[in-house]
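Residue numbers (full-length UniProt numbering): 1 to 163. Using N, Cα and C, we set each Cβ at its ideal position, and we do this for glycine too. All values derive from a computational prediction rather than experimental measurement. So the structure is just underneath, and the comments pick up after that.
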Amino acid sequence: MFQLTGALATSADGTVLAEDSPGVETEAAAAQTADVLAAVLRLADVTGRGTPRELVVRGGSGYLATYAAGRSTVLTLLAEDGVNLGRLHLEGRRCAARIGELVDGGTAAPPAPDPPPLSPTTAPTTAAVAAPGAVGATAAPASVPHRTHPPRTDGASAPTTHR
């Protein structure tokens, strides 16, 4: 069982785009999300931690996880206290990437684990209207190290099994 209890997609300025959160005042939650987002952006800036992409809060009765969803949208998930946090992140990041594609008008490419930040030419001018992951220079793609092995000179073939 996944133990997800609610979901809320909002614009970074606090407008509700979609929601399924029984028992939650969605307009108030959206407005608070925008306020917290502005504070998180300032905190990340002054601490030099880079562009925020997600925020997790653990309360007495569960989790609230917020993910960047494209350039100007935020996905907030509510989950029970016993949730598998790794799975919540996996599904939250995947859903946020897809929502970002839909809202930003992108193509239906496979979702990425983290949405890319905006380039400096398209970044919003105020922190209060920027989604996590939406402020900062375009990050260079991470290079995946490629391990090469020296050629075998003794004429032996490579082993077929590993222990």
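- Here DSSP, grouped into helix, strand and coil, assigns residue 15 to coil.
- The shortest CA-to-CA distance from residue 58 to any of 51, 66 and 102 is the one to 66.
- In the three-state reduction of the DSSP assignment, residue 24 falls in the coil class.
- Judged by DSSP in its simplified three-state form, residue 101 adopts helix.
- Contact check for residue 70 and residue 100: beta-carbon distance about 3 Å, within the 8 Å limit, so the pair qualifies.
- Fully enclosed alpha helix (DSSP H) runs of no fewer than 4 residues occupy 26 to 47 and 85 to 104 of the stretch 25 to 108, in order along the chain.
- Taken atom to atom, the span from the alpha-carbon of residue 90 to that of residue 84 is near 10 Å.
- In this model, residue 33 and residue 86 are separated by some 22 Å (Cα to Cα).
- In this structure residue 102 is exposed. Its beta-carbon is surrounded by fewer than 16 other beta-carbon atoms within 10 angstroms.
- With fewer than 16 other Cβ atoms from the protein chains shown falling within 10 Å of its own Cβ, residue 43 counts as exposed.
- The criterion of a C-beta distance shorter than 8 Å is not satisfied by residue 79 and residue 8.
- Beta-carbon to beta-carbon, residue 56 and residue 12 are separated by about 18 Å, too far to satisfy the 8 Å threshold.
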